[in-house]
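Okay, structure first, notes after.
Numbering (the working numbering), first residue to last: 3 to 301.
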């Protein structure tokens with residue numbers, strides 16, 4: 003019967019010098035990821051398992067899984083790797099496997115080669131993690147190729163963007179607008195778009211464990227579109243907005259985002275309306291002048 007190993011964090015990924023039994027080298031691994039609700043999970047191989055050690059794939063040779071001995075360090079590595087992958091997703095998509103949960107909210111990956119895998123969810127409340135196969139089972143004292151994971155979930159704080167009139171400093175209410183969050187500073191990799199709460203004049207985003215960039219993508223009627231970008235990053239429970247640490251108030255961080263009204267272009271006076279009588283008189287005089295010239299020629 004398969005042992006169920008529930009790991010909220012992988013605190014001890016190193017194998018303490020233990021090598022996988024020769025009989026197990028021909029077996030394939032199974033990874034189950036258990037959730038409380040519907041999710042989609044992506045899995046990417048990042049290392050192979052050889053002679054009792056994890057050997058990182060060439061593009062991540064600067065990382066060393068074998069030297070990690072704390073959950074915090076492993077979480078940091080998972081977050082860093084995910085950022086690299088997301089930044090150049092096209093380069094990895096052929097090796098990424100994405101699956102959705104079944105009716106029991108379980109995602110099952112089978113026929114996995116022994117090695118290490120980066121896992122992340124499309125929902126930003128789940129922290130990315132690294133799963134290793136084989137893993138040491140303390141109960142049996144053996145290396146096993148079956149692993150069940152219950153990922154760490156985070157209670158995300160909320161970023162509330164308050165749309166404000168630059169002159170009055172008051173919220174812009176009863177007008178539609180839109181903000182969008184992005185994975186990258188250039189704002190090319192969209193995460194989600196949020197329409198205005200027109201009653202409050204706000205747009206709200208959940209602050210995830212990694213970085214996101216928020217900007218206005220539709221301005222309220224009568225206002226110019228702002229090019230301001232808000233950088234929001236959460237790491238190890240610390241939230242930084244535009245590189246400044248901010249402590250949430252009741253789980254919410256409020257940021258003022260000013261917009262300037264579009265100034266109407268004043269009409270240029272032509273004088274036509276005010277001097278119509280003058281133009282009429284000039285026309286009459288010109289007509290009389292031409293008439294007199296014609297009469298003189300006839301004589």
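Ideal Cβ placement from N, Cα and C applies to all residues, glycine included. None of these values were measured; they are calculated from a predicted model.
- request: Report buried or exposed for residue 264, applying the criterion of at least 16 other Cβ atoms within 10 angstroms of its Cβ.
  value: Sequence index remark: in the chain shown, residue 264 carries index 262 (1-based). Classification of residue 264: exposed, given that the 10 Å Cβ count is below 16.
message: Less than 7 Å between C-beta atoms, sequence neighbours within five positions excluded: which residues of the same chain meet that for residue 103?
response: Within the chain shown, residue 103 is the residue found at index 101, counting from 1. Contacts found: 37, 40, 41 and 109.
Nearest neighbour of residue 235, chosen from 82, 151 and 54 [CA to CA]: For the purposes of this step, residue 235 is taken as residue 233 along the chain shown, with counting starting at 1. Nearest C-alpha to residue 235: 82.
- request: Determine the burial state of residue 63: buried for a count of at least 16 other Cβ atoms within 10 Å of its Cβ, exposed for fewer.
  value: Against the chain shown, residue 63 aligns to sequence position 61. Flag for residue 63 reads exposed.
- prompt: In terms of alpha-carbon separation, which member of 210, 228 and 212 lies closest to residue 218?
  reply: By 1-based counting over the chain shown, the position of residue 218 is 216. It is 228 whose Cα lies nearest to the Cα of residue 218.
- prompt: Quick one: Cα of residue 231 to Cα of residue 204, how far?
  reply: Here residue 231 refers to the residue found at position 229 of the chain shown. Here residue 204 refers to the residue found at position 202 of the chain shown. If I take the Cα positions, the gap works out to 16 Å.
field: Beta bridge counterpart(s) of residue 131 as assigned by DSSP
entry: Here residue 131 refers to the residue found at position 129 when the chain shown is read from its first residue. DSSP, once it has assigned bridges, lists 121 as partnering residue 131.
field: DSSP three-state assignment for residue 68, whether helix, strand or coil
entry: Start at 1 with the first residue of the chain shown, and residue 68 comes out as number 66. Three-state DSSP puts residue 68 in a helix.
task: Please name the residue, chosen from 169, 194, 209 and 182, that lies closest to residue 221 on a Cα-to-Cα basis.
output: By one-based count along the chain shown, residue 221 stands at place 219. Closest by alpha carbon: 182.
- prompt: What is the DSSP secondary structure of residue 86, counted as helix, strand or coil?
  reply: On the chain shown, position 84 is the one that residue 86 refers to. Reduced to three states, the DSSP call for residue 86 is helix.
- prompt: Is it buried or exposed for residue 34, if we count other Cβ within 10 angstroms and need 16 for buried?
  reply: Residue numbering aside, residue 34 sits at position 32 when the chain shown is read from its first letter. Classification of residue 34: buried, given that the 10 Å Cβ count is 16 or more.
- prompt: Name the DSSP beta bridge partners of residue 191, please?
  reply: For the purposes of this step, residue 191 is taken as residue 189 along the chain shown, with counting starting at 1. Answer is none; residue 191 lacks a bridge partner.
field: Residue from 75, 148 and 253 whose Cα sits closest to the Cα of residue 158
entry: On the chain shown, position 156 is the one that residue 158 refers to. If we check each option's Cα against that of residue 158, 253 comes out closest.
Residue 97 versus residue 45 - alpha carbon distance: By one-based count along the chain shown, residue 97 stands at place 95. By one-based count along the chain shown, residue 45 stands at place 43. C-alpha separation (whole angstroms): 8 Å.
- prompt: Smallest Cα separation from residue 126: which of 242, 30 and 209?
  reply: Counting from one through the chain shown, the residue named residue 126 turns up at place 124. Here the closest residue by C-alpha is 209.
- request: With DSSP as the reference, please indicate the residues paired to residue 206 in a beta bridge.
  value: As a working mapping, residue 206 is identified with position 204 in the chain shown. In DSSP, residue 206 forms a bridge with 162.
- prompt: What do you reckon, are the CB atoms on residue 195 and residue 162 nearer than 7 Å?
  reply: Residue numbering aside, residue 195 sits at position 193 when the chain shown is read from its first letter. Residue numbering aside, residue 162 sits at position 160 when the chain shown is read from its first letter. No, these two residues do not count as a Cβ contact at 7 Å.
task: Report the option in 60, 68, 166 and 48 whose CA atom is closest to the CA atom of residue 54.
output: For the purposes of this step, residue 54 is taken as residue 52 along the chain shown, with counting starting at 1. Of the listed residues, the one whose Cα sits closest to residue 54 is 68.
message: Measuring only the C-alpha atoms, how far is residue 135 from residue 243?
response: The count along the chain shown starts at 1 and reaches residue 135 at position 133. The count along the chain shown starts at 1 and reaches residue 243 at position 241. Approximately 37 Å between the Cα atoms of the pair.
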